[in-house]
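Chains as they are written, first to last, in the working numbering: chain R, 631 to 975; chain C, 631 to 975; chain W, 631 to 975; chain U, 631 to 975.
By construction, the Cβ of each residue, glycine as well, lies at the ideal position given by its N, Cα and C atoms.
4 protein chains.
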Amino acid sequence: MSAPARIPAAVVNGAGYGGIELLRLLRRHPVFELVEVTARSDAGRPVEQVFPQFSGLDLTFSARVERAEVVFSALPDDAAVETLPALVAQGRRVLDLSAGFRLHDAALYPTWYRYEHPAPALLEEAVYGLAEWARERLPDARLVACAGCYPTATLLALGPALARDLIAPDVIVDAKSGVSGAGRSLKLNTLYSEANEDISAYSVRGHRHQPEIVQALAETPGAGRPAPRVTFIPHLAPMTRGILATCYGSPREGVTEDDILAAYHEAYDGEPFVRLTSEPPHTKWSYGSNRCFVYPVIEPQSGRFIVISALDNLVKGAAGQAIQCANVMYGLPETLGLPVEGVYP
Amino acid sequence: MSAPARIPAAVVNGAGYGGIELLRLLRRHPVFELVEVTARSDAGRPVEQVFPQFSGLDLTFSARVERAEVVFSALPDDAAVETLPALVAQGRRVLDLSAGFRLHDAALYPTWYRYEHPAPALLEEAVYGLAEWARERLPDARLVACAGCYPTATLLALGPALARDLIAPDVIVDAKSGVSGAGRSLKLNTLYSEANEDISAYSVRGHRHQPEIVQALAETPGAGRPAPRVTFIPHLAPMTRGILATCYGSPREGVTEDDILAAYHEAYDGEPFVRLTSEPPHTKWSYGSNRCFVYPVIEPQSGRFIVISALDNLVKGAAGQAIQCANVMYGLPETLGLPVEGVYP
Amino acid sequence: MSAPARIPAAVVNGAGYGGIELLRLLRRHPVFELVEVTARSDAGRPVEQVFPQFSGLDLTFSARVERAEVVFSALPDDAAVETLPALVAQGRRVLDLSAGFRLHDAALYPTWYRYEHPAPALLEEAVYGLAEWARERLPDARLVACAGCYPTATLLALGPALARDLIAPDVIVDAKSGVSGAGRSLKLNTLYSEANEDISAYSVRGHRHQPEIVQALAETPGAGRPAPRVTFIPHLAPMTRGILATCYGSPREGVTEDDILAAYHEAYDGEPFVRLTSEPPHTKWSYGSNRCFVYPVIEPQSGRFIVISALDNLVKGAAGQAIQCANVMYGLPETLGLPVEGVYP
Amino acid sequence: MSAPARIPAAVVNGAGYGGIELLRLLRRHPVFELVEVTARSDAGRPVEQVFPQFSGLDLTFSARVERAEVVFSALPDDAAVETLPALVAQGRRVLDLSAGFRLHDAALYPTWYRYEHPAPALLEEAVYGLAEWARERLPDARLVACAGCYPTATLLALGPALARDLIAPDVIVDAKSGVSGAGRSLKLNTLYSEANEDISAYSVRGHRHQPEIVQALAETPGAGRPAPRVTFIPHLAPMTRGILATCYGSPREGVTEDDILAAYHEAYDGEPFVRLTSEPPHTKWSYGSNRCFVYPVIEPQSGRFIVISALDNLVKGAAGQAIQCANVMYGLPETLGLPVEGVYP
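As structure tokens, this is what we get:
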């Protein structure tokens, strides 16, 4: 078999945590060839000078994309909505890690993101990039709005139960995230001395991922039902990477744990990056890996349905997800270039 | 005013984390005078030799209690149920940090603790030591079964809402604990390399604190109602100290956030160690302190009632709680010798 | 005995980590009465609103000191040199936690701190506040330049050996500090995701504490010798609090470990806040405490002298040190209001 | 080019941290094919059941090696010296991660390891496996005693300066290690609550890696000089992975920093896994990678030579080193199957 042709790829905003992770993964990808990396404030500097962990990487941060056919954007959402439409118009295929194109309803942006969306037509066109749910639409996509880290953990956890109507459409998601999810910009609450030895909830009155989760659950493959009621409470945990989503629901009458397990096995036994577990999953299992671990159970004291998922917010929750989507987009093996086993311990 | 007479006090099993914290706090208590500390395997060794952080403390670990009038026990529950009845019979007043005497119904012990309780009569007599709820019974108590760390966080969070029937008696408690809650004995899952950079749920099919929470909530002051349905899911978070309990419930029809806030202010404005907060609390605020921070809210998207509490599992969740109970027991000012402000950052 | 009169005290810049720790300690001090706290950007806001861990503290951040007799300043050094001379001139006694008045030689400020010192006369007058070395001069001091965190650890470690000429005046100090030493201002390298799971050296070509250490060692009580050669290499360790200084030197010919131990016992057996240990000390022993642990040894393979010290950079290395100096200044018991046992674990 | 034939490989004791890391790396190695994994206490259990992070790995722990041609042993040294000679005698090529065969002089084992070495002949034959120094001897080796984690960091740091006689043969190594270096067995000092927020020195009176470092430095390529005097002080830092070695020496008269840099560039510019840096290296740069970062400098205040190295103790300090040696052993590209960029942050 002849080697596949290389496809020139760019990372936009390679200086944040999502961008750094894209660099790490794309650098070793056998088909996508990293030809340019942008970073506004570091343009002109060699990547290895800014990030010595990439020592030997022969790339210099540039100001804009010029050569790439496929573009992975790690811009924040407000910059993404301004920047990416032009790249799409140039004929490049774009995978956006931000929330800039995730919500179909433009009217939600002023409420949740505090701006009028400048490209509402692309909101309709963009494919919501949870690879497991989007395989049919990805091959034709021009713009992929990759699923957020919390939504990925939540949707993979709750999807099978809601899609098969095994639980009532009324769920609670208690999610815990590592600090890297808050990005590399300077904020008081992500200083080491503030975040270390601390756990707290935040955005309790409404987090931007709540409407994204509601929208996606309403579109769960096989669902066709009204959007579920979703209480979503995120927490900041003292670790760099990882999301654990502990989700609570009420089983439909007569539904047993065996029914639940059968549904999850049916959904996930063929998935390369979703693993059912027989014990509560640890975020550490997924450190540096593109895997999501899922553990559904009916808690015997209260009869409540509980499903817990664990993933690495920067891999399956960001850079890995985007590459997985791009693999599908280009008809490549879905696992190409993606880390499977986590770094443990 | 003359200084109060000193009351000779002992710590039983001073070599675990609960015991060490009792030493730290009792050492500076103006009335309870630390006269003996036991530790089976370290008997005969000076405390400062085993724990150099207590350098200068003129006490040697002994094998048994001989002189103390008031005894603080940090034994594990199975040792506590064997050891403490004799101390009570000798006329000493005992505050037990373990779960050995917390459940009133002896039949629960074989199920949850895997032994027949050897002193069921004391189960009826023991006062459940959540200081805020037990003030009337403590002055006459011979044996106080101090509330567990998770139950303390849960009861202080949910108590006012359930007691005043502001929410339905059906709640979910998603609790996160630091690793010190698992004690100082050697276990694989509490090794640094295992617990660091990791968060996971555990005891998902049933944790021993669930029946304790159910029992206590059924006895909430002013309640007199059937026990609520409680789903309790604990998590191990990568930090040494701290418990955060995120509790979920459904408001009764017509109940507003103002009603909720009024009830919590009524319950807690006069409490020295419970503080209402206007933002989600951080466990770090309570580090080394006897305080519990409580934040009740109605989440606007879903209309769900959420109340979050934060405390230090070794202080308000263990040693501090016991001393607070002992202060009440002896008619001392309730805050005597107890740390208020946490060590921050 | 009648209670001592309260002395009105202020904290200047109570919003940084040094200032917060001053608040924690002064709030419970039996003589110094915290009457005002300044913080430029938070002036007008109640302290408990900015720092909920101080919930119940009835103080509002103000813009300037007006009533205090004794002033504890946690300003950065460049603000301290501008602000504190006026307070001294007003007749207040000032304890400065910064480096603004530590170096006697004004010519060192342009080199190490990049500004001309605006008050060189005060440089001569200021007492270098390492309490253990300054007891004679403190009672008359108007301005105390409290010793830095690294210098405190280094001087208490090396002082006895150098003062008694037991080692050659040529030492290496390999120091490791927790992240809180870098303060509460926003910097990339103190973000949680950057500092967690990382250790690195910094300021390898020259750290500002090097000349301070050299100056102080030249003035070691009983020394009267030329300044030693000092290589000082600080490291940032992934923890919030704590400094460990591992110091290396060469014993003078014939000097034995017994000689060393005798000298250290002589120096420290009467010290309330310096403890000799019989095993390498842990920073954790000093968490939240004003103690410094010191362990001198001659390493048998190489015959090198090694002395290791451990302390809490925010207590003995900052706020506690200042209060200890102030206690001496006012003729109070030196340990008044200062934490002895650390919070462990 | 045809694909190279697969070489059947085994991991002995795959249940410790070194073994787990071997599994992670060998699983993706294009030539070494992981055909068996032993683990005494887990024999008979599927690997993925014991370590869910390896979910999907179709291997079961076995009791002994039967099919492998090349064996990677992660046994502790005392088990290694008993077990590995037989494997060598069977004609398998063995890479030992332990210290069991590292010291050439059998007389050192009773002193440092407390046992008589049972196979002294193999001590002479074993190749000391620091890949960078052993390329000539590895192709014929039957038994490779892979360099220890601390020695690897130390030798790569100091080697060029000592080999070229740029510094005096009298050095201090102040090393800091993450907790995984202490292994996966249960010890009090590696419990999370003990090791978190703590740094301390250990084995101050003599660590087993000291004679190993001395032996190897005496054999530095190009050296041929007497063994240097080495003071080696290890520290336990609160992180899972990483070693930082800060090494101190005295430049020979007239040696400048330019001379130093020239020597290090000459030594390392062609090395795939050693990178010179222009700022002090961070252990985090090497997380999960086989790289060692080296930063040599002359500190201007004291004129002292300082060289700092950073690596991942489980990769370049253990599993990665072994695979690098095996690649050389079999004439494969030295970087085959080895991770280059670390997981950051």
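(1) What did DSSP end up calling arginine 732 (chain W) once you bin it into helix, strand or coil?
(2) Quick one: what's got a C-beta closer than 6 Å to glycine 649 (chain C)'s C-beta in the same chain, skipping five residues either side?
(3) By a C-beta neighbour count over all protein chains shown, 10 Å radius and 16 as the cutoff for buried, is glycine 721 (chain R) buried or exposed?
(4) Run down chain A in chain order and give the residues with a C-beta less than 9 Å from the C-beta of tyrosine 974 (chain W).
(5) Which class does aspartate 888 (chain W) belong to by DSSP, given the choice of helix, strand or coil?
(6) Along chain R, which residues have their Cβ under 8 Å away from the Cβ of serine 810 (chain U)?
(7) Would DSSP call aspartate 800 (chain R) helix, strand or coil?
(8) Which residues, taken in chain order from the region 889–911 of chain C, show a beta carbon closer than 9 Å to some beta carbon of chain W?
(9) Would you call alanine 807 (chain W) buried or exposed, if buried means 16 or more other Cβ atoms sit within 10 Å of its Cβ?
(10) List the whole-angstrom C-beta distance separating valine 724 (chain W) from valine 701 (chain W), where the pair is believed to meet the contact cut-off of C-beta under 8 Å.
(11) Going by alpha carbons, who is nearest to valine 695 (chain U) out of U:Leu717, U:Phe684 and U:Gly674?
(12) Under 8 Å, do threonine 668 (chain R) and alanine 639 (chain R) count as touching if we go by C-beta distance?
(13) Decide if the region 887–906 of chain C is in contact with the region 922–934 of chain C; the criterion is three or more beta carbon pairs, one per stretch, under 8 Å apart.
(14) Considering leucine 717 (chain C), what are the terminal residues of the alpha helix (DSSP H) in which it resides?
(15) Taking the alpha-carbon of proline 748 (chain R) as reference, which of R:Pro715, R:Ala761, R:Thr741 and R:Ala777 has the nearest alpha-carbon?
(16) Against aspartate 828 (chain R), what residues of chain C qualify as contacts under a CB-to-CB distance less than 8 Å, listed in chain order?
(17) Chain W partners of arginine 657 (chain C), CB-CB under 7 Å?
(18) Whole angstroms is fine: what's the gap from valine 927 (chain C)'s alpha carbon to serine 916 (chain C)'s?
(19) Under 8 Å between the Cβ atoms of alanine 848 (chain W) and proline 841 (chain W)?
(20) How would you write the range of the alpha helix (DSSP H) that serine 939 (chain W) sits in, first residue to last?
(21) Under 8 Å Cβ-Cβ, which residues of chain U neighbour leucine 727 (chain C)?
(22) Mapping the DSSP letters down to three states, classify tyrosine 917 (chain U) as helix, strand or coil.
(23) I'd like to know whether the C-beta of asparagine 643 (chain R) is nearer than 8 Å to at least one C-beta of chain W.
(24) Measuring alpha carbon to alpha carbon, tell me which of W:Ser830, W:Thr870, W:His837 and W:Val801 ends up nearest asparagine 826 (chain R).
(25) Just to confirm my understanding: we take glutamate 976 (chain U), look at its own chain, exclude 5 residues before and 5 after, and list those with CB closer than 8 Å. What are they?
(26) Just mark serine 671 (chain U) as buried or exposed, buried being the case when its beta carbon has 16 or more other beta carbons within 10 Å.
(27) By Cβ distance below 8 Å, which residues in the same chain neighbour valine 680 (chain W) in space, the five residues on each side in sequence not counted?
(28) Give the DSSP-derived three-state secondary structure of methionine 631 (chain C) in the structure shown.
(29) Taking all protein chains shown into account, do 16 or more other C-beta atoms lie within 10 angstroms of the C-beta of aspartate 899 (chain W), making it buried, or fewer, making it exposed?
(30) Pull up the distance between the alpha-carbon of aspartate 735 (chain U) and that of leucine 785 (chain W), whole angstroms please.
(31) Going by the DSSP bridge assignment, what does aspartate 726 (chain U) pair with across the sheet?
(32) From R:Gln683, R:Cys779 and R:Glu663, pick the residue whose C-alpha is nearest to that of alanine 761 (chain R); which is it?
(33) Listing by chain order, which chain U residues have their CB less than 9 Å from the CB of glycine 674 (chain R)?
(34) Keeping to the same chain, check which residues put their C-beta closer than 8 Å to that of proline 969 (chain C); ignore five residues upstream and five downstream.
(35) With DSSP as the reference, identify every bridge partner of glycine 759 (chain U), one or two as the case may be.
(36) Can you name the start and end residues of the beta strand (DSSP E) that tyrosine 878 (chain C) belongs to?
A quick look at the data gives this:
(1) The answer is coil: DSSP assigns arginine 732 (chain W) none of H, G, I, E or B.
(2) Val641, Asn643 and Ala704
(3) exposed
(4) Looking at the structure shown, chain A is missing, and the protein chains on hand are R, C, W and U.
(5) Here aspartate 888 (chain W) sits in helix by DSSP.
(6) Pro975
(7) strand
(8) Pro902, Arg905, Leu906, Thr907, Ser908, Glu909 and Pro911
(9) The residue asked about is misnamed: residue 807 (chain W) is serine in this sequence, not alanine. By the neighbour-count rule (16 or more Cβ atoms within 10 Å), serine 807 (chain W) is buried.
(10) 5 Å
(11) For valine 695 (chain U), the closest of U:Leu717, U:Phe684 and U:Gly674 by C-alpha to C-alpha distance is U:Leu717.
(12) no
(13) yes
(14) 707–719
(15) R:Pro715
(16) Met869, Gly872, His912, Thr913 and Lys914
(17) Near arginine 657 (chain C) (Cβ distances below 7 Å), the residues of chain W are Glu971.
(18) 20 Å
(19) no
(20) Per DSSP, serine 939 (chain W) belongs to no alpha helix (DSSP H); it is in the beta strand (DSSP E), 935–941.
(21) Result: empty, since nearest Cβ-Cβ is about 17 Å, beyond 8 Å.
(22) Residue state, collapsed to three classes: coil.
(23) no
(24) W:Thr870
(25) The structure shown does not extend to residue 976 (chain U), since chain U spans only 631 to 975, so no value can be given for it.
(26) exposed
(27) Ala645, Ala669, Asp672 and Phe691
(28) Note that methionine 631 (chain C) has pLDDT 47, beneath the 50 cutoff, so the model's placement of it is unreliable and the number below is only indicative. Methionine 631 (chain C): coil per DSSP, three-state reduction.
(29) A residue is called buried once 16 or more other Cβ atoms fall within 10 Å of its Cβ, and aspartate 899 (chain W), having fewer, is exposed.
(30) 41 Å
(31) U:Ser703 and U:Ala775
(32) Of R:Gln683, R:Cys779 and R:Glu663, the residue nearest in Cα terms is R:Cys779.
(33) Simply none; closest approach about 17 Å.
(34) Answer for proline 969 (chain C): Leu655, Gly918, Ser919, Asn920, Val945 and Gly950, listed in chain order.
(35) U:Cys776
(36) 873–879
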